[in-house]
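Residue numbers (the working numbering): 625 to 883.
Take a look at the structure set out below.
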């Protein structure tokens with residue numbers, strides 16, 4: 625899928641499923657958003673929430689000078705309905721904010737899917753003040769137990785999908801290296817396995833809708849929901865490994881040695 629096709633898919637997906645990631649994370653044993661927000665509490669200056677969706681991190685950063693940014697009108701409407709703001713409609717690759725104007729950038733589950741990624745990272749660098757913090761939450765491919773791996777094999781088999789064809793797979797477990805290459809200083813790179821309760825047909829349907837599968841037809845999605853509804857049961861759990869990378873913008877570039 626090329627970039628224009630991916631952007632069309634993302635636009636339609638969020639129009640149809642606003643707030644979907646927040647809904648999925650509500651099934652988790654503890655809040656991934658609270659974990660993401662930890663290093664941002666007490667930030668001096670504005671916190672820009674990049675591709676904020678329904679803006680769940682606003683609830684975790686109530687005392688911050690927080691601004692949510694998203695290109696999806698449907699996602700921003702959902703955030704506004706929940707009383708979260710202020711909100712700005714803009715793409716992650718063209719932020720309407722002054723250079724060095726933000727104390728931190730929060731990026732919850734967006735860096736593997738926003739495009740073009742080099743331009744997005746360049747915009748994050750531009751708007752962060754020297755010493756400013758980037759906190760990013762992304763899915764991880766590692767950390768599953770054998771039973772957790774079997775659970776995901778069951779889910780993907782029901783969907784008849786081999787993988788999630790996202791445009792920036794390097795922004796998952798390779799995010800720390802990617803940020804270093806882009807000029808950030810990585811402070812921490814941690815993985816945590818959250819546990820989703822897939823204990824009802826509704827939870828199974830929510831999981832099916834939340835996986836960003838552009839090739840998934842309505843017929844296949846409905847078949848997967850029926851299959852996973854039969855698998856769902858009280859006590860059914862699904863592991864969800866996530867990675868939190870915290871980086872900052874160096875206050876000064878290192879001087880070059882004379883030749």
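Where a beta carbon is used, it is the ideal one built from N, C-alpha and C, also for glycine.
Since the model is a prediction, treat every value here as computed from it, not as a measurement.
Could you check which residue in 704, 790, 708, 647 has the C-alpha nearest to that of residue 741?
790
Which value, in whole angstroms, describes the spacing of the CA atoms of residue 712 and residue 672?
10 Å
Cβ-based burial, residue 865 [other Cβ within 10 Å; buried from 16]
buried
Among 778, 749, 785, 871, the one whose alpha carbon lies nearest that of residue 799
871
Rounded Cβ spacing between residue 728 and residue 664 (contact assumed at less than 8 Å):
5 Å
Roughly how many whole angstroms lie between the Cα atoms of residue 863 and residue 772?
5 Å
Take residue 775 and list the residues in its own chain whose beta-carbon comes closer than 6 Å to its own, dropping the five residues that flank it on each side.
862
What are the residues that DSSP puts in a beta bridge with residue 812?
870
Check the DSSP bridge columns for residue 712 and list the partner residues they point to.
693
Are there 16 or more other CB atoms within 10 angstroms of the CB of residue 764, so buried, or fewer, so exposed?
buried
Buried or exposed for residue 751, please, with buried defined as at least 16 other CB atoms from any protein chain shown within 10 angstroms of its CB.
buried
What whole-angstrom Cβ distance do residue 782 and residue 852 have, given they're in contact under 8 Å?
5 Å
Cα-Cα, which of 823, 684, 845, 693 is closest to residue 715?
693
Start and end of the beta strand (DSSP E) containing residue 739?
Segment: none, residue 739 is in no beta strand (DSSP E) and carries neither H nor E.
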